[in-house]
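Reviewing the structure listed below.
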Amino acid sequence: MSDSSSPNITFMLQYTEANSAYIDYTNRDEAVQMDNDLDLETHRQSVEGMTESQLQKIQTEVPETTLNFPEYIDYMNRSYATEKQSDELTAIFTQDANYLQREKVTELKQKLEQAHENGSLLWQGVISFDNEFLAAQGLYDRATGRVDQQAIKTVMRDVIPKMIAKEGLSESAFWWGNIHLNTDNIHVHFGLSEVESKREKFFYQPRHRMEYRGNFSQKTIQKCKSDVFHGLINDKTRSALLRREQILANLKANLIDQVFQESRVVRSTEKNFLNKLIITCRFKRSGAMVPMLKILR
Numbered sequence: 409m410s411d412s413s414s415p416n417i418t419f420m421l422q423y424t425e426a427n428s429a430y431i432d433y434t435n436r437d438e439a440v441q442m443d444n445d446l447d448l449e450t451h452r453q454s455v456e457g458m459t460e461s462q463l464q465k466i467q468t469e470v471p472e473t474t475l476n477f478p479e480y481i482d483y484m485n486r487s488y489a490t491e492k493q494s495d496e497l498t499a500i501f502t503q504d505a506n507y508l509q510r511e512k513v514t515e516l517k518q519k520l521e522q523a524h525e526n527g528s529l530l531w532q533g534v535i536s537f538d539n540e541f542l543a544a545q546g547l548y549d550r551a552t553g554r555v556d557q558q559a560i561k562t563v564m565r566d567v568i569p570k571m572i573a574k575e576g577l578s579e580s581a582f583w584w585g586n587i588h589l590n591t592d593n594i595h596v597h598f599g600l601s602e603v604e605s606k607r608e609k610f611f612y613q614p615r616h617r618m619e620y621r622g623n624f625s626q627k628t629i630q631k632c633k634s635d636v637f638h639g640l641i642n643d644k645t646r647s648a649l650l651r652r653e654q655i656l657a658n659l660k661a662n663l664i665d666q667v668f669q670e671s672r673v674v675r676s677t678e679k680n681f682l683n684k685l686i687i688t689c690r691f692k693r694s695g696a697m698v699p700m701l702k703i704l705r
């Protein structure tokens, strides 16, 4: 299966335009509990080949479609969805920061408000990962639930600027992201806007006015998804040794689970042998793992 059609990664992109009357700064709880009284038009754009159920599943994880520009930042950064935050740092990451300082978040909101005043669009993206895929790459620990967030951030810092360039966005384009861990699938939310937009305009008949074109080309979206996929399977993203150790740990957990799921009575000597076999397993020169499942049969 090719990376462009692989279910390991799904990508949905939408863009919004909010009425300025609804721009205000709210705290985190208000951002999460917003109802549908915002007069907001949302345009959804997804990669080709996704099923309706996949789209609906992602959509249920994206309630921020009813939020205005600054509120979207608060939604993305809500503490229960991201890693622990401090009084000084947040879980928001950008091109230059792993943990954006709270004072910088205020500056980010001000940039978004300025973008809104200039009529710019806000693109909201969700990239969702199959957890088994991340585990196979040594980026997710099944036993502890820990995620190599730094590796994911590194990939996003490479992918998003390419997407910005491919769509010809202005030099004033800026983005931020959050890794959310509160659903079945680990996923990245990112926001993207321009202080001054240079996007092509077209006449939108329903509102009888000229508007910026919001849709990204399917080639851009497919390339973004492909770049994320290849970035995550690239050993250079993280120390190859550490990733291999994590892959072994995941495989060990899987094998032990399989033994007990088969309702077999396993003697302590057999458990010992199983542990030693996995711990002492080594990789071939090519970097591929020895097929341990065959050894156990």
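In this text, residue positions in the sequence shown follow the working numbering: the first is 409, and each later residue adds one. Ideal Cβ positions, reconstructed from N, Cα and C, are used throughout, including at glycine. Computed from a prediction, not measured in an experiment: that's the story for all the values here.
Take the Cβ of residue i as the centre, count every other Cβ of all protein chains shown within 10 Å, and call the residue buried at 16 or more, exposed below.
i    : result
N571 : One detail in the question is off: residue 571 reads as Met in this sequence, not Asn. With 16 or more Cβ atoms within 10 Å of its Cβ, M571 is classed as buried.
N586 : buried
R705 : Because the pLDDT at R705 is just 40, under 50, the model does not fix this residue reliably, and the value given afterwards should be weighed accordingly. Exposed, by the Cβ-count rule.
S601 : buried
V636 : buried
S536 : buried
T498 : buried
H595 : buried
F611 : exposed
S528 : buried
Can you name the start and end residues of the alpha helix (DSSP H) that residue i belongs to?
i    : result
Q626 : 626-640
V513 : 510-525
F541 : 539-544
Would you kindly work out how many angstroms separate the C-alpha atoms of residue i and residue j, rounded to a whole number?
i    : j    : result
L589 : A581 : 27 Å
K633 : F419 : 7 Å
Q613 : R621 : 13 Å
F598 : H616 : 30 Å
W584 : T514 : 13 Å
L640 : K609 : 36 Å
R554 : I500 : 18 Å
Y423 : Q545 : 31 Å
I417 : M618 : 35 Å
E511 : D592 : 32 Å
A543 : I560 : 13 Å
Y548 : D538 : 10 Å
T707 : Q532 : Absent from the model: residue 707. The displayed extent of the chain is 409 to 705, so no value can be given.
Q518 : H524 : 10 Å
K606 : T552 : 46 Å
L520 : D566 : 22 Å
D504 : E604 : 21 Å
Q558 : Q522 : 30 Å
N642 : N526 : 40 Å
N623 : L421 : 9 Å
Y507 : S625 : 31 Å
M564 : V534 : 12 Å
F541 : D556 : 13 Å
E496 : L516 : 15 Å
E575 : T628 : 7 Å
A573 : E579 : 9 Å
T562 : P569 : 12 Å
Q630 : R550 : 29 Å
L577 : P415 : 29 Å
L530 : Q509 : 22 Å
Identify the continuous beta strand (DSSP E) that holds residue i and give its terminal residues.
i    : result
R617 : 617-620
Could you confirm whether any beta carbon from chain B is found closer than 8 Å to the beta carbon of residue i?
i    : result
A544 : Checking the listed chains, one finds no chain B in this structure; it contains a single protein chain.
Which runs of the beta strand (DSSP E) spanning at least 3 residues fall entirely within the region 562-613, listed in chain order? 581-588, 595-602, 609-612
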